[in-house]
Amino acid sequence: KEAALLYEKKQDFLRAANCYLIFENLEKAAECFEKGGDTKKSNDIMSKLYYQKGLVKEAASYAEKSGDMIQAAEMFQETGDLSKAGELFYLAGLFNEAGENFLKINDLTKAADAFEQGGNYIQAAKAHEKLGSESIKVAELFEKGKGFFEAGRLFFKLGQMDRALNALQKIESLSDNYLTASLLIGMLFLKKGMVKLAFEKFSKIID
């Protein structure tokens, strides 16, 4: 403690700050780190200090200032500020966590973007669907996520016959969607003038 006071008097603030840390005077440590130019360390300590006091929102703000986006996001999530939590998770590269937070507040545009960035293509496609979108992009997202039935059905609806056929033929026989997919494949064969293949497909469904 005496060393900290002397260092502070000599304006050797970083050494003073480290001494204050040793006997856990967090407020003085943060103050000296700030005066010594280490604002990141100062903000990090202030975040811990406010969190200990139960002031989570203030702690989250200091965590963000310190550059610890994940810690800040978790704290904002704890306070119920899911929009801010989602934004910080996104900045930290935790896209699925960001998407989940955006989804909870029904910000579907941001949720779709975050899930797509995180490689969660099925969730991204579903978010787009909730927005009322039935575009080729949505079908492609389902296809990327191996949601072949949803992709095929949407490609079919959009008149993309070859792409619909390609997706639907990837559905395994044990799938719950196999019979419906087979029916759509038969209809696609008919539209393409492949009557014999359509007949065989429909006969197989009946059997």
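Position one of the sequence shown corresponds to residue 768 (the working numbering), numbered consecutively onward. All C-beta atoms, glycine included, are put in the ideal place defined by N, C-alpha and C. What you are looking at is a predicted structure, and each value in this text was computed from that prediction instead of being measured.
Worksheet item: Ile952 and Gln927: beta carbons closer than 8 Å?
Response: no
Discussion item. Taking the beta carbon of Ser942 as the centre, do at least 16 other beta carbons fall within 10 Å, making it buried, or is it exposed?
Written reply: exposed
Worksheet entry | Cβ neighbours of His895 in the same chain (closer than 6 Å, five flanking residues each side left out) | Ala879, Val905
Worksheet item: Nearest CA to the CA of Gly834: which residue from Leu870, Asp805, Gly885?
Response: Asp805
Fill in: Close beta carbons around Tyr888, own chain, < 6 Å, minus the five adjacent residues each side
Leu908, Lys911, Gly912
Worksheet item: If we count the other Cβ atoms within 10 Å of its Cβ and call it buried at 16 or more, is Asp929 buried or exposed?
Response: exposed
Worksheet item: Taking all protein chains shown into account, do 16 or more other C-beta atoms lie within 10 angstroms of the C-beta of Ser828, making it buried, or fewer, making it exposed?
Response: buried
Worksheet item: Taking the runs of the beta strand (DSSP E) that are 3 residues or longer, which of them lie wholly in the region 801-877?
Response: Qualifying beta strand (DSSP E) stretches: none in this window.
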